[in-house]
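Residue numbers (my numbering): 2 to 458.
Heads up, the beta-carbon is just placed ideally off N, CA and C, and yes, glycines get one too.
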């Protein structure tokens with residue numbers, strides 16, 4: 002955080018943030034954005050037409066492979082023995098084009114940038130929450146396309162980027178020792194910026210007061226931050242006077258127990274969206290649907306089993322992404338390290354390539370390893386019906402030892418912890434011992450996210 006900014010009084014910080022917001026507004030919503038957004042709306046309206054989806058994706062894949070083979074050093078080497086681009090189709094794409102692992106992208110990242118000279122290159126850094134960070138390069142027009150897709154997601158659920166909103170995200174807008182108020186205002190974007198780093202039982206009343214004064218139409222947040230706010234406010238008996246129209250979440254796995262608590266406190270629906278700095282694909286709950294749709298005009302999404310085959314409806318697998326919007330640093334059949342479950346219904350596949358996803362399971366390393374060699378993920382059902390816990394991190398120190406970092410909530414905390422341990426034993430077995438550590442707040446990554454499972458193995 003800039004030292005001069007830290008010395009400013011809150012009203013001056015609001016002005017500084019609003020001036021920075023003006024730069025972001027031009028960068029994100031200027032240039033090609035208006036024209037692309039109009040084109041995107043027309044495409045999305047035709048998403049149910051299998052022929053349109055297939056024709057679009059087939060064209061984009063041929064165009065992407067051809068460009069990458071000619072202009073991107075890694076693909077020039079890796080793809081030299083591939084068939085001619087005109088011979089690559091949707092039907093044979095996954096069988097002739099190899100998968101790109103994340104480790105390869107990290108170790109050879111400079112080789113994925115185009116040799117073509119491009120103006121207005123923007124670098125986006127991932128948080129590195131699972132290890133070393135990754136830098137992604139794109140053109141400003143690719144960034145504008147990305148925001149057009151996010152805008153469509155907002156519009157489909159009845160809001161837009163310039164509605165009055167409140168945001169809880171990873172940007173540090175306050176120093177660690179700052180006192181109330183814990184929110185700042187970006188008047189350009191009509192946004193109340195709320196620090197996720199200062200949320201606590203002591204401070205929650207200040208946050209609720211700020212939200213009541215601002216009266217946001219929607220809230221955009223990490224799931225863990227808005228969930229923590231809801232739990233703390235409930236304990237204190239605090240009320241939000243003006244209910245938002247909806248809450249949109251992203252950047253972390255949204256667990257079902259979190260969704261229930263958030264919707265109960267805010268009395269509105271939560272709509273989740275999955276995207277990433279790599280711009281490989283996007284999954285979102287459009288038009289108030291409970292299922293996620295893999296946007297076929299953003300990229301090609303595959304969900305593969307351990308043998309590299311497309312999973313069947315109702316099954317879980319690894320996400321493999323081919324992004325269409327960032328040709329400067331194209332990622333083709335990129336195994337990003339996240340797992341999802343394909344919807345168990347006849348609508349799971351739209352033209353075979355626009356998937357319906359029932360849940361985002363989480364990262365491949367968000368699992369517990371048992372002494373029997375099992376890998377157990379998606380543990381949030383263990384929290385169903387459990388009361389007295391405001392937050393929990395599962396920290397595995399050894400195959401047979403797990404620490405539960407618990408944020409207690411109210412007088413029923415001990416009973417809730419005992420119930421949670423019993424639920425976890427039913428899923429993980431009796432050979433694992435549990436140590437409970439009560440904490441005031443859960444450990445966050447540098448970007449302000451909370452990991453549900455931390456492996457020390």
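Excluding five sequence neighbours on each side, which residues of the same chain lie with their C-beta closer than 6 Å to the C-beta of residue i?
i, result
"residue 136", "124, 126"
"residue 31", "none"
"residue 328", "68"
"residue 420", "387"
"residue 157", "287, 288"
"residue 331", "65, 69"
If distances are taken between C-alpha atoms only, which option among the options comes closest to residue i?
i, options, result
"residue 98", "227, 457, 111, 84", "84"
"residue 270", "289, 105, 356", "289"
"residue 34", "44, 101, 175, 145", "145"
"residue 295", "313, 341, 187", "341"
"residue 311", "56, 95, 8", "95"
"residue 360", "382, 375, 67", "382"
"residue 234", "225, 245, 208", "208"
"residue 298", "343, 50, 5", "50"
"residue 172", "18, 362, 331", "18"
"residue 13", "320, 174, 140, 215", "174"
"residue 409", "86, 439, 399, 421", "439"
"residue 392", "399, 176, 418, 302", "418"
"residue 275", "150, 54, 412", "150"
"residue 316", "139, 309, 325, 304", "304"
"residue 75", "196, 108, 237, 120", "108"
"residue 102", "42, 309, 422", "309"
"residue 313", "56, 266, 344", "344"
"residue 238", "376, 202, 257", "202"
"residue 478", "256, 232, 435, 113", "Coverage of the chain is limited to positions 2 through 458, which leaves residue 478 absent and any answer about it impossible."
"residue 454", "385, 376, 55", "376"
"residue 232", "210, 264, 301", "264"
"residue 423", "397, 412, 411, 385", "385"
"residue 24", "141, 90, 44, 62", "141"
Whole angstroms is fine: what's the gap from residue i's alpha carbon to residue j's?
i, j, result
"residue 371", "residue 425", "12 Å"
"residue 180", "residue 443", "20 Å"
"residue 118", "residue 77", "17 Å"
"residue 322", "residue 415", "43 Å"
"residue 15", "residue 222", "20 Å"
"residue 111", "residue 246", "43 Å"
"residue 64", "residue 80", "14 Å"
"residue 29", "residue 187", "15 Å"
"residue 1", "residue 7", "A query on residue 1 cannot be resolved here, the shown segment of the chain reaching from 2 to 458 and no further."
"residue 152", "residue 249", "12 Å"
"residue 336", "residue 92", "19 Å"
"residue 177", "residue 390", "25 Å"
"residue 428", "residue 357", "27 Å"
"residue 406", "residue 47", "47 Å"
"residue 190", "residue 241", "22 Å"
"residue 399", "residue 268", "41 Å"
"residue 60", "residue 277", "23 Å"
"residue 196", "residue 22", "17 Å"
"residue 353", "residue 52", "Confidence at residue 353 is low in this model, with a pLDDT of 47, below 50, so its placement is unreliable and the value that follows should be read with caution. When rounded, the distance between both Cα atoms is 11 Å."
"residue 132", "residue 121", "Caution applies to residue 132, whose pLDDT of 42 falls short of 50 and renders its modelled position unreliable; the value that the coordinates give is listed next. For residue 132 and residue 121, the distance between alpha carbons rounds to 29 Å."
"residue 212", "residue 224", "17 Å"
"residue 441", "residue 100", "43 Å"
"residue 198", "residue 54", "42 Å"
"residue 279", "residue 147", "11 Å"
"residue 291", "residue 215", "29 Å"
Residue i and residue j look like a contact to me (Cβ under 8 Å); what is the Cβ gap, rounded to whole Å?
i, j, result
"residue 227", "residue 169", "6 Å"
"residue 459", "residue 450", "The question about residue 459 has no answer here: the residues shown for the chain are numbered 2 through 458."
"residue 273", "residue 259", "Incorrect: roughly 10 Å between the Cβ atoms, too far for contact."
"residue 395", "residue 369", "7 Å"
"residue 326", "residue 143", "5 Å"
Counting only the same chain and skipping the five closest in sequence on each side, list residues whose C-beta sits under 8 Å from that of residue i.
i, result
"residue 40", "none"
"residue 72", "115, 116, 117"
"residue 11", "182, 185"
"residue 362", "254, 317, 339, 340, 341, 342, 378, 379"
Within a Cβ cutoff of 7 Å, which residues of the same chain sit near residue i, ignoring the five residues on either side of it in sequence?
i, result
"residue 130", "Because the pLDDT of residue 130 is 43, which lies under 50, any placement of that residue in the model is unreliable, and the question is left without a value."
"residue 218", "160, 164, 165, 166, 245, 246"
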